[in-house]
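A quick write-up on the structure given underneath.
Protein chains: 2
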Amino acid sequence: MNRPRTKRKVTIKDVAREADVSYSTVSRVVNNYKYVNSETREKVVEAMERLGYIANQQARSLVKGRSQVIGLLIHSFETSYVAEIVRGIDDAIADAQYDLLLYTTHRRAERETTYVSNIAHGLADGLLVVLPRGVETYMDSLSKQSYPFVLIDYQATSDGVYAVGSTNWQGAYDATTHLIKLGHRRIGFITGDMFVGSSEDRLNGYRDALAANGLPYDPDLVYQGDFFKPKGFDGGRAFLDLEKPPTAVLASNDEMAFGVMEAALGLGYRVPEDLSIVGFDDIPQTVDSHPPLTTVRQPLQEMGSTATKLLLDLIEEAGEPEVPYIKLPTELIVRQSTASPDDSMLLNHSR
Amino acid sequence: MNRPRTKRKVTIKDVAREADVSYSTVSRVVNNYKYVNSETREKVVEAMERLGYIANQQARSLVKGRSQVIGLLIHSFETSYVAEIVRGIDDAIADAQYDLLLYTTHRRAERETTYVSNIAHGLADGLLVVLPRGVETYMDSLSKQSYPFVLIDYQATSDGVYAVGSTNWQGAYDATTHLIKLGHRRIGFITGDMFVGSSEDRLNGYRDALAANGLPYDPDLVYQGDFFKPKGFDGGRAFLDLEKPPTAVLASNDEMAFGVMEAALGLGYRVPEDLSIVGFDDIPQTVDSHPPLTTVRQPLQEMGSTATKLLLDLIEEAGEPEVPYIKLPTELIVRQSTASPDDSMLLNHSR
DNA sequence: CTGAAAGCGCTAACAG
DNA sequence: CTGTTAGCGCTTTCAG
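For the record, the sequence lines run as chains P and E. Start counting the first sequence at 0; every next residue gets the next number (numbering that gives the first Met the number 0). Start counting the second sequence at 0; every next residue gets the next number (numbering that gives the first Met the number 0).
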């Protein structure tokens, strides 16, 4: 096989020769150094264009000790939840002229550890971890090396660990209160994956809202979910099969809420007339469902961009952020999947 | 707060000193060079561990002229379609010990061009583009510089452009035939985004299957979609509002098929008794819907990994692949969303 | 304002 | 088997 070897890349020296200046001058114009004679600059720029010069990032990183790359570790991106966060990250990254190195763990926890401890290190200046699982295993090692990293949607606050999340308790509290104000007395709740910190906060928000309104906590009305749609479906079915089914259900995320909706529709229930449904996250699809889903909005994109900016500050040592854990506010978005249970109750649900 | 400046990274020289060998020896053990005295190796390994040595990729790339990084350009990853492809890429990448630099264009075509022509160059050894839009604008420039790149799910075949796709025509043909064999005579079709080449192939597969079975082509039964669920919903509604609605519909992807299903269920139709539905892609959710969706499986993961391997071959100049355009086979997966229309027809169609 | 020169951390001949 | 020695392409003093 003898295809001509990949053309030798044009370097700063080629440009220097072409423009008839020293190569440090070329470097200066590449880096927008102020004190360069405008004619000289002109010459160099022309030469660069003529030759199609593209800076070698490796070399640059080597001398600067910085790669302008940050690592992003995600579980997988099969959910809009992650996609939205990444979008926020992406925008912040682009603004800052950094690049993004992607690592997906596909639920394999070892992968998370491996990536973090070895790979990301050599290439990335910092690390972003979305919805981390095995943090405990590598957190220490990273902190010890003072390697900058920020966790997204992580609850526990240890010293020197930066994280951004949202007001999960408040969100669930608000959603539950909304349902209660509508007149619902039996409200089902589908939890998230209980290994994730936010799941507990949301459950507590639900319980506390119940208590605050003098409503009893009924274990039959709490179904253990996992953040995926099928569990939502199962939970919906289970609730609706109850002797006294709830008139509303709050799911710990939108995916599961859609599962509940499918279950309800499949059983001939009308939403919201016969069953009110509330989700959590406000992923883009919430507006496309029928009816559009009432949900607790998490500022996903903002979480991503906030975390990114925090990380960039850490990397550039632009002052230590005083608050290591940033909590962004959730917001209840009322659409058409919730309504008062009254009319329907008059018709079918005798008490 | 005055955290000590980021600790100086430990280099190969530190390890050399610690292990009392020359630093090229350290390099040898790092690179698994065979001829190293096992005792020496031992010493070095210990020193590395004691110091927590991590190779500086930048330096390594600089001298090798390769970064072991490949660029991935995607539209956005809000769909399982992309997520599945990326998964395939991801696995192949990991196997080959490469890393993945991610660029999302978010539908902004300029971004695609910018990324491709400037950024990817400095850092990545090659480029993967999923479902490219503005390829024409940069293809030439890349080829000219003999910069390796592979397109995923792209139809047009130009010289020197490598791409991997699947048998779209055949897939649609098979799905349509399946419906016809079941006894359907009026089959609706929802197209994809017609700016994407595969959309036309699928439409043709549908038309040709109709023709091959002596069935007429009825323009009323073709709805223009865009690959997103809401359009599927609208198309489903439109079909069902027809005076003589189809008894089956084939959607150009699963997302839209789910839209059709939602529309049908919402109107009180049963699936598949009153309406058979077939999708395209076989994204993971197809098994979770109710009923599970019959669909045309595209080997998404395989497309990703095949493209990656091709790219890696190109990068490593391990022989020129003789076929620039690889077409992977689709496969009809029959689940529960399709059935013979007969029973339902006997009962008639009042709702 | 601009050249010269010293490395950044590592690999890869080249001698032993 | 192992040490020595050139660079890889670029930034950054240090002198002019």
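Even glycine gets a Cβ: it sits at the ideal position worked out from N, Cα and C.
8 Å Cβ cutoff, residue i in contact with chain E
i, result
"P/Phe76", "yes"
"P/Glu41", "no"
"P/Pro283", "yes"
"P/Ala162", "no"
"P/Ala82", "yes"
"P/Asp240", "no"
"P/Ser66", "yes"
"P/Leu220", "no"
Between the CA atoms of residue j and residue i - distance to the nearest angstrom
i, j, result
"P/Asn167", "P/Val248", "17 Å"
"E/Glu254", "E/Asp281", "10 Å"
"P/Ser142", "P/Val115", "12 Å"
"E/Thr10", "P/Gln57", "17 Å"
"P/Asp207", "P/Gly196", "17 Å"
"P/Leu310", "P/Met138", "15 Å"
"E/Pro271", "E/Ser336", "5 Å"
"E/Tyr146", "E/Asp124", "8 Å"
"P/Ala174", "P/Asn252", "12 Å"
"E/Val277", "P/Val43", "60 Å"
"E/Ala15", "P/Gly51", "40 Å"
"P/Ala262", "P/Gly235", "6 Å"
"P/Asp240", "P/Thr246", "12 Å"
"P/Asp13", "P/Ser26", "12 Å"
"E/Phe226", "E/Asp192", "6 Å"
"P/Ala18", "E/Asn31", "43 Å"
"P/Glu361", "P/Tyr268", "There is no way to answer for residue 361 of chain P, as the model of chain P reaches only from 0 to 350."
"E/Asp89", "P/Lys63", "29 Å"
"E/Val322", "E/Glu135", "20 Å"
Pair within 8 Å by beta-carbon distance, residue i and residue j
i, j, result
"P/Ile325", "P/Arg296", "no"
"E/Thr285", "E/Leu292", "yes"
"E/Thr329", "E/Val163", "no"
"P/Ile151", "P/Met302", "yes"
"E/Ser79", "P/Glu77", "yes"
"E/Gly229", "E/Gly258", "The question names Gly, but residue 229 of chain E is Pro in the sequence shown. Against a cut-off of 8 Å, the Cβ pair of E/Gly258 and E/Pro229 comes out as a contact."
"E/Pro298", "E/Ser198", "no"
"P/Val160", "P/Val129", "no"
"E/Ile189", "E/Leu214", "no"
"E/Ile73", "E/Thr112", "no"
"P/Leu122", "P/Val68", "yes"
"E/Ala91", "E/Lys308", "yes"
"P/His183", "P/Pro340", "yes"
"E/Leu126", "E/Gly70", "yes"
"P/Leu100", "E/Leu99", "yes"
"P/Gly231", "P/Ala210", "no"
Contact list for residue i against chain P, beta-carbon separation under 8 Å
i, result
"E/Pro229", "Asp287"
"E/Ser304", "Ordered by position in chain P, no residue passes the 8 Å Cβ test against E/Ser304, which lies about 14 Å from the chain."
"E/Gly125", "Those within 8 Å of E/Gly125 in chain P number zero; the least Cβ separation is about 11 Å."
Min CB distance residue i to chain P below 8 Å
i, result
"E/Gly121", "yes"
"E/Gly418", "A question about residue 418 of chain E goes unanswered here, because the residues of chain E that appear run from 0 up to 350."
"E/Asn55", "yes"
"E/Thr103", "yes"
"E/Ser198", "no"
"E/Ser26", "no"
"E/Arg49", "no"
Listed by chain order, chain E residues near residue i by CB distance under 8 Å
i, result
"P/Glu301", "Residues of chain E passing the Cβ test: none, with the nearest at roughly 16 Å."
"P/His265", "Rather than His, the amino acid found at residue 265 of chain P in this sequence is Gly. Neighbours of P/Gly265 on chain E, chain order: Leu264, His289."
"P/Leu99", "Leu100, Leu101, Tyr102"
Chain P contact residues for residue i, given Cβ-Cβ distances below 7 Å
i, result
"E/Ala58", "Leu61"
"E/Glu261", "His289"
"E/Asp89", "Thr103"
Interface residues of chain E facing residue i [CB-CB closer than 9 Å]
i, result
"P/Asp192", "The contacting residues do not exist; P/Asp192 stays about 17 Å from chain E at best."
Neighbour list for residue i in chain E, Cβ cutoff strictly below 7 Å
i, result
"P/Ser79", "Glu77"
Curious, which full-length beta strand (DSSP E) runs of at least 3 residues does the region 154–240 of chain P contain? As far as the region 154–240 of chain P is concerned, its whole beta strand (DSSP E) runs of at least 3 residues are 161–165, 186–189.
Length at least 4, wholly inside the region 279–336 of chain P: the alpha helix (DSSP H) runs in chain order: 299–314
Which runs of the alpha helix (DSSP H) spanning at least 4 residues fall entirely within the region 96–140 of chain P, listed in chain order? 108–113, 119–122
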